[in-house]
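First comes the structure, then the notes that go with it.
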Amino acid sequence: MASERVINFGAGPSALPVSVLEEATQGLLNFQGTGIGIAEISHRSKEFQAFISNLEASIRTQLDVPSTHHILFTQGGGSGQFSAVVLNMLARYRLLHPERTAEDAVMDYVVTGSWSKKAAEEARRLGGGRVNVVVDSRGHSKDGKAFDNIPPHDAFQFSEDPALIYYCENETVDGVEFSHEESSPASFPFHLLKTDALVPLVADYSSSFMCRPIPRLADHAIIYAGAQKNIGPAGLTILIVRQDCIVDVDTAAKLGAAPVPITMSYKTLADSGSLYNTPSVLPIYIAGLVLDRMQRHGGLKHYEETNRRKALKVYDVLKEGEAVGIFRGKVQEGAGSWMNVVFEVVGADAEKEFLDGAEKRGMKGLKGHRSVGGIRVSLYNAVTEQEVDQFVEYAREFIKSHSTVQS
Ligand code: PMP
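Residues in the sequence shown are numbered consecutively from 1, following full-length UniProt numbering.
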């Protein structure tokens, strides 16, 4: 029952709008008057094909994706793209430079958090090229171990002619980091990239896709995201791929590149309109409903404004708690994410008490990532500002009742 739902601050899968879930239950029974449910209808039916085309058009319009870039849908999640990106971009590099050795094919990784670290590890595991860590933000952190900061631009060591340059947005290298200032500087050093050639810039947008416009989208070779944060259930992966990165992987393999599994080849996806094999029909459907709703609610501009306000409110209460020693932020000021605010509750058992108290007030999903601990407040699009206000009110009460500092 919709009325029995709690406030879900989960990090992914995360909250979806109730109106969309209600609409989707209808679609599960009868998709667009076909008499067949969405999970049962053929992906080759004209109704579904029209639906997926509309989804593509909606992403293109809302994100302002230029005609130089394809929008593709696949499966395998963000982790699947850790591999696919490497295979497709090494194939592209092989076609561009058939005479060069695998040792020449350098893949530049900006390592600013656990996801980009994992992506770099997968590139190393696959081989076929050499991984260059452009910067590792742990080297710039307070304790030398945590990913808690945006590294200074002069710390980035890009290679001369890399096969790819990889970063993970939302991992403290957001195109625009979260700060109180309206016009915070871009934290990813786009200006250091060579712009005379087609820069092979790859970005993992899994955590923040469709939460605000993508800065310098057209300068990217590949942008990808799993759907399960802002726009739908897990099972759908969205790719925005520049035309020059859609390459004939089989010709590249003849020249010595690693063979690419057919469903991972961007060319296969592009040539088939993302329908080479059965796609994740239900997640695509729900994502389509979410995107339609977004458009009706004022598009990305509206979400950007709301998400900024939501994050500001949580960062403000976090600061209040820090000032009296109740909370401790996990990232340095100005390096915080728009979507996931992470902090610790200071004191033995204090974290459990905080989580229990939140749960009593109908707020769930606040426990931090299993490898990092602490509290993580995820503020994805479907988390309303009013729900954020409820969290802030609770956090303020917690601070007040635990504070020994007299005001
Ligand atoms: N990249 C980022 C930034 C993520 O947040 C996640 C998952 N939360 C992943 C990659 C991995 O995605 P998946 O679970 O879809 O493989």
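Ideal Cβ positions, reconstructed from N, Cα and C, are used throughout, including at glycine.
Query, Result
"Going straight from the alpha carbon of H180 to that of G334, what length do you get?", "Here H180 scores only 46 on pLDDT, less than 50, and its place in the model should not be relied on; the value that follows carries that caveat. In a straight line, the C-alpha of H180 is about 8 angstroms away from that of G334."
"Whose CA, out of A84, A119, G288, lies closest to the CA of M210?", "G288"
"Could you tell me the alpha carbon to alpha carbon distance between K194 and E103, rounded to whole angstroms?", "21 angstroms"
"So for A395, helix, strand or coil by DSSP?", "helix"
"For K118, I'd like the list of residues in its chain whose CB is within less than 8 angstroms of its CB, leaving aside the five on either flank, ordered along the chain.", "S79, F82"
"Could you tell me which residues DSSP pairs with T237 in its beta bridges?", "T74, G226"
"Quick test of your reading: Y109 and V85, contact by CB under 8 angstroms. State the CB separation rounded to the nearest angstrom.", "Going by Cβ atoms, the distance from Y109 to V85 rounds to 11 angstroms, so no, they are not a contact pair."
"Can you give me the Cβ contacts of K254 inside the same chain, cut-off strictly under 7 angstroms, excluding the 5 residues immediately before and after it?", "none"
"Closer than 7 angstroms to a non-hydrogen atom of ligand 1 - does that hold for the CB of C245?", "no"
"Going by DSSP in three states, R130 sits in which element: helix, strand or coil?", "strand"
"Just to confirm, does C211 get its C-beta within under 7 angstroms of one of the non-hydrogen atoms of ligand 1?", "no"
"Measuring only the C-alpha atoms, how far is E351 from K360?", "14 angstroms"
"If you reduce the DSSP assignment to three classes, tell me which class D204 lands in.", "strand"
"Under 8 angstroms between the Cβ atoms of A225 and L201?", "no"
"Using a threshold of 8 angstroms, state whether the C-beta atoms of K367 and L379 are closer than that.", "no"
"Taking the continuous alpha helix (DSSP H) assigned at E344, which residues delimit it?", "Counting along the chain, E344 falls outside any alpha helix (DSSP H), though it belongs to the beta strand (DSSP E) covering 340-345."
"What is the DSSP secondary structure of K267, reduced to helix, strand or coil?", "helix"
"Let me check understanding here. Comparing Cα to Cα, which of V314, K313, L236, A24 lies closest to G12?", "L236"
"Taking the straight line between their C-alpha atoms, what separation do you get for V65 and Y166?", "20 angstroms"
"Would you tell me roughly how many angstroms separate the C-alpha atoms of G232 and P283, rounded to the nearest one?", "6 angstroms"
"Consider the C-beta atom of A234 and the heavy atoms of ligand 3; say whether any pair is separated by less than 7 angstroms.", "Ligands present in the displayed structure are limited to ligand 1, and ligand 3 is not among them."
"Between the Cα of Y205 and those of V342, P215, V346, spot the shortest distance and give me the residue it belongs to.", "P215"
"For E353, which of A395, Y93, D250 has the nearest alpha-carbon?", "A395"
"Taking only runs of the beta strand (DSSP E) that begin and end inside the region 250-317, which ones reach a length of at least 3 residues, in chain order?", "none"
"Does the beta-carbon distance from V341 to L318 come in below 8 angstroms?", "yes"
"Does the distance from the CB of Y266 to the CB of C245 come in under 8 angstroms?", "yes"
"Is the distance from the Cβ of V392 to the Cβ of V314 below 8 angstroms?", "yes"
"Using DSSP with H/G/I as helix, E/B as strand and the rest coil, what is L164?", "strand"
"Using 7 angstroms as the cut-off, classify the Cβ of N170 as near or not near the heavy atoms of ligand 1, replying yes or no.", "yes"
"Rounded to whole angstroms, how far is the Cβ of R293 from the Cβ of V20, which I believe are closer than 8 angstroms?", "6 angstroms"
"Excluding sequence positions up to five away, which residues of its chain have a Cβ less than 6 angstroms from the Cβ of P151?", "V135, S137, H140"
"Measuring only from the beta carbon, is W338 closer than 7 angstroms to any heavy atom that is part of ligand 1?", "no"
"Would DSSP call Y93 helix, strand or coil?", "helix"
"Please state the DSSP three-state secondary structure of V135.", "strand"
"Report buried or exposed for E387, applying the criterion of at least 16 other Cβ atoms within 10 angstroms of its Cβ.", "buried"
"What does the Cβ neighbour count give for S159, buried or exposed, with the cut at 16 atoms within 10 Å?", "exposed"
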